[in-house]
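Here's the structure we're looking at; comments come further down.
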Ligand code: AMP
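Residue numbers (the working numbering): 759 to 1083.
Written as structure tokens, this is what we have:
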């Protein structure tokens, strides 16, 4: 079992990190950035999230792939000790495919094509034992699939979920149902605006809580993240990245590392989520420095996550000054 060394006060029992189940898409992506391009790259919300989470705790991935899915790509999960027993293969179709093009600033992108492939096919139930996994991340996927997965889980301690514009546009009612059933909802600012009708991210965050999630995180790309929680509001800047190559999967890496950090801490309170956001921000910053999931697969990334988390902690620390000056 792997874990990063969380701050001393949070490391009560690091050897007892809880496992995390990550569901979502496993995909092949074609990516166009302002400077580069790549085809048939391993992608998908569950791939990024599970690989990111594997630097923190034991991970089980739940998804479906098609006849075209390469054995070598399954090996990439196994190499990170990710349990693939719930990564089903359906040879009657192809793996989920996504093609996206980034704009000049990398902050915005267009989806050029989405082919659901076998992702739209019926699934077998989770393998025995998976349903008691205490921490669950419903990474970006069709809300019906997220609900089906959630219905199989037995009293999970924490369920976090992410979504995307396609599902807001095509299945809003089910997505609202997902949000009403979970502890932590994670979306980017444009999707939060689309979902709530509020263009201001603070108003949108509060509106998401009124949808029934216990807490919500609104991601603002290079401008960091906002946490909305019954105990208060928290803002964290992004890690100052200079070598941006492909921002695909930034949100999924963030969500995977966030849920996994909570599984390490085995806490879900306001302070724990703030700390998890620090590790998640550090992990996402590494993910976008390489195409596909490449950076998340390297063993050396664990130490880099630790170093970046420490840097971010220091960068956001305010000196205490006299109250009057
Ligand atoms: P992100 O950049 O964090 O939004 O994640 C991008 C990844 O999500 C890509 O690897 C895609 O394969 C995958 N993806 C794209 N569209 C969808 C969708 N509608 N549902 C689930 N996953 C998707």
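We put the CB at the ideal spot given by N, CA and C, even for glycine.
Residues sharing a beta bridge with residue 955, DSSP: In the DSSP assignment, residue 955 forms no beta bridge with any residue.
Minimum length 4: unbroken alpha helix (DSSP H) runs contained in the stretch 775–856: Qualifying alpha helix (DSSP H) stretches, in chain order: 803–811, 829–837.
Integer Cβ distance of residue 817 from residue 841, believed to fall under 8 Å: Right, the Cβ-Cβ distance comes to about 7 Å (below 8 Å), so this counts as a contact.
C-beta contact flag for residue 917 and residue 930 at 9 Å: Pairing residue 917 with residue 930 gives a Cβ-Cβ distance that is not under 9 Å.
Cut-off 7 Å between Cβ atoms - residues of its own chain near residue 770, not counting five sequence neighbours on either side: Its pLDDT being 44, under 50, residue 770 is placed unreliably in this model, and the coordinates cannot settle the point.
Any non-hydrogen atom of the ligand AMP within 8 Å of residue 858 CB: Yes - the ligand AMP has a heavy atom lying nearer than 8 Å to the Cβ of residue 858.
Meets three-Cβ-pair contact criterion under 8 Å: the stretch 862–870 and the stretch 800–815: The answer is no - the stretch 800–815 does not touch the stretch 862–870, with fewer than three Cβ pairs under 8 Å.
Residue 928 beta carbon less than 9 Å from that of residue 911: Taking 9 Å as the Cβ cut-off, residue 911 and residue 928 do not qualify as a contacting pair.
Close-in-space but distant-in-sequence residues of the same chain around residue 1059 (CB under 7 Å, 5 per side omitted): Cβ neighbours of residue 1059 beyond the five flanking positions: 813, 1044, 1053.
DSSP state of residue 987 mapped onto helix, strand, coil: Strand.
Integer Cβ distance of residue 835 from residue 810, believed to fall under 8 Å: Wrong, their Cβ atoms sit about 12 Å apart, outside the cutoff.
Residues near residue 766 by beta carbon distance below 6 Å, same chain, minus five either side: With a pLDDT of 44 at residue 766, under the threshold of 50, the modelled position of this residue cannot be trusted, and the question is left open.
The stretch 937–951 / the stretch 1006–1020 touching (three or more Cβ pairs under 8 Å): Contact annotation: the stretch 937–951 touches the stretch 1006–1020, with at least three C-beta pairs closer than 8 Å.
Assigned secondary structure, residue 977 (DSSP; H/G/I helix, E/B strand, else coil): In the displayed model, residue 977 falls within a strand according to three-state DSSP.
Segment limits, alpha helix (DSSP H) that includes residue 1036: From DSSP, the alpha helix (DSSP H) with residue 1036 extends over 1028–1045.
Validate contact between the stretch 995–1015 and the stretch 1032–1049 using beta carbons, cut 8 Å, 3 pairs: Taking a cut-off of 8 Å for Cβ pairs, the stretch 995–1015 and the stretch 1032–1049 touch, as three or more such pairs fall below it.
Member of 953, 893, 1072, 974 whose CA lies at the smallest distance from the CA of residue 777: Taking each of 953, 893, 1072, 974 in turn and checking the Cα distance to residue 777, the smallest one comes out for 893.
Rounded straight-line distance, which links the Cα of residue 934 to that of residue 1069: Distance between the alpha carbons of residue 1069 and residue 934 is about 37 Å.
Whole-angstrom C-beta distance between residue 846 and residue 882, which should lie under 8 Å: About 6 Å separates the two Cβ atoms, so the contact holds.
Local conformation of residue 1009 per DSSP, three classes: If DSSP states are grouped into helix, strand and coil, residue 1009 belongs with the helices.
Close Cβ partners of residue 979 (< 6 Å) along its chain, the five nearest in sequence each way excluded: Residues 865 of the same chain have their beta carbon placed closer than 6 Å to that of residue 979, with the five preceding and five following residues left out of the count.
C-alpha gap between residue 1012 and residue 1074, whole angstroms: Each residue's Cα considered, the two are about 18 Å apart.
With 16 other Cβ atoms within 10 Å as the buried cut-off, status of residue 759: Residue placement at residue 759 is poorly supported in this model, since its pLDDT is 45, which falls under 50; the coordinates still yield a value, given next. Exposed: under 16 other Cβ atoms inside 10 Å.
Residues of its chain near residue 907, where Cβ-Cβ distance is below 7 Å and the 5 sequence neighbours each way are ignored: The beta carbon of residue 907 sits closer than 7 Å to those of 781, 820, 896, all from its chain and outside the five residues before and after it, given in chain order.
Status (buried if at least 16 other CB within 10 Å, exposed otherwise) for residue 1080: Residue 1080 is classed as exposed because its beta carbon has fewer than 16 other beta carbons within 10 Å across all chains shown.
Ordered list of beta strand (DSSP E) runs contained in the stretch 849–901, each at least 3 residues: Within the stretch 849–901, the complete beta strand (DSSP E) runs of at least 3 residues are 854–860, 867–873, 893–896.
DSSP-derived helix/strand/coil call for residue 999: Secondary structure of residue 999 (DSSP, three-state): coil.
Cβ-heavy atom distance, residue 1041 to the ligand AMP, below 8 Å: Residue 1041 Cβ: outside cutoff for every heavy atom of the ligand AMP.
Helix, strand or coil at residue 759 [DSSP, three-state]: Bear in mind that the predicted position of residue 759 carries a pLDDT of just 45, short of 50, making it unreliable; the figure below should be weighed with that in mind. Annotated three-state conformation of residue 759 is coil, per DSSP.
Contact check, residue 959 vs residue 976, beta carbons under 9 Å: Yes. Within cutoff.
Alpha-carbon spacing of residue 984 relative to residue 1067, whole angstroms: Those two C-alpha atoms are separated by around 17 Å.
Cβ neighbours of residue 794 in the same chain (closer than 8 Å, five flanking residues each side left out): Only 1003, 1004, 1049 meet the Cβ criterion.
Pairwise C-alpha distance: residue 1023 and residue 772: Residue placement at residue 772 cannot be trusted, given a pLDDT of 47 that sits under 50; what the coordinates show is reported in the next sentence. Put simply, the backbone Cα of residue 772 is about 8 Å away from that of residue 1023.
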